[in-house]
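Each residue of the sequence shown is one higher than the one before, starting from 151 at the first, in the working numbering. We treat Cβ as the ideally placed atom computed from N, Cα and C, and that holds for glycine. To start, the structure itself, in structure tokens.
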Amino acid sequence: MENDDFERALGALADGYSEGWFAGRRYGVTVRRSPDGRRTSLFARELAGNDFISFNLYRTAIGGTVLKPCEMAANKVTAFMLGFARPDLHGEGRAGGVPAPG
Numbered sequence: 151m152e153n154d155d156f157e158r159a160l161g162a163l164a165d166g167y168s169e170g171w172f173a174g175r176r177y178g179v180t181v182r183r184s185p186d187g188r189r190t191s192l193f194a195r196e197l198a199g200n201d202f203i204s205f206n207l208y209r210t211a212i213g214g215t216v217l218k219p220c221e222m223a224a225n226k227v228t229a230f231m232l233g234f235a236r237p238d239l240h241g242e243g244r245a246g247g248v249p250a251p252g
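Following this line, the structure appears as structure tokens:
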């Protein structure tokens, strides 16, 4: 996993619900962080389809991280996190090189 890029992308998302684009499709994303900062969970659902992404990221006591995807491959989670774009963070609403409609 491209840990620095993954962590940066996850860190750019605020707690709670937001919407954005991945591979030309719109997703609703919910992020929750534990009060101690050691666990982050993300659930994303394609708004006009059936796709979803779900994972927990755990920070260990020795400074590492452990990614636990929920019923999907880790590379699907990583691709989503590295390609997901929110228009308010990225200006043009681009994800995966595909412009957002409208």
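Cβ shell of residue i (< 6 Å), same chain only, five flanking positions each side left out
{"i": "residue 208", "result": "189 and 216"}
{"i": "residue 163", "result": "181"}
{"i": "residue 204", "result": "193 and 220"}
{"i": "residue 196", "result": "175 and 177"}
{"i": "residue 223", "result": "none"}
Residue i versus residue j - alpha carbon distance
{"i": "residue 154", "j": "residue 198", "result": "31 Å"}
{"i": "residue 158", "j": "residue 230", "result": "13 Å"}
{"i": "residue 183", "j": "residue 166", "result": "9 Å"}
{"i": "residue 237", "j": "residue 202", "result": "20 Å"}
{"i": "residue 213", "j": "residue 227", "result": "21 Å"}
Beta-carbon spacing of residue i, residue j below 9 Å
{"i": "residue 172", "j": "residue 235", "result": "yes"}
{"i": "residue 170", "j": "residue 177", "result": "yes"}
{"i": "residue 168", "j": "residue 179", "result": "yes"}
{"i": "residue 218", "j": "residue 200", "result": "no"}
Cβ shell of residue i (< 8 Å), same chain only, five flanking positions each side left out
{"i": "residue 232", "result": "152, 155, 156 and 159"}
{"i": "residue 211", "result": "none"}
Identified DSSP bridge partners for residue i
{"i": "residue 188", "result": "The partner list for residue 188 (beta bridge, DSSP) is empty, contrary to what the question assumes."}
{"i": "residue 194", "result": "179 and 203"}
{"i": "residue 158", "result": "Residue 158 pairs with nothing; no bridge assigned."}
{"i": "residue 235", "result": "171"}
{"i": "residue 217", "result": "207"}
For residue i, three-class secondary structure by DSSP
{"i": "residue 210", "result": "coil"}
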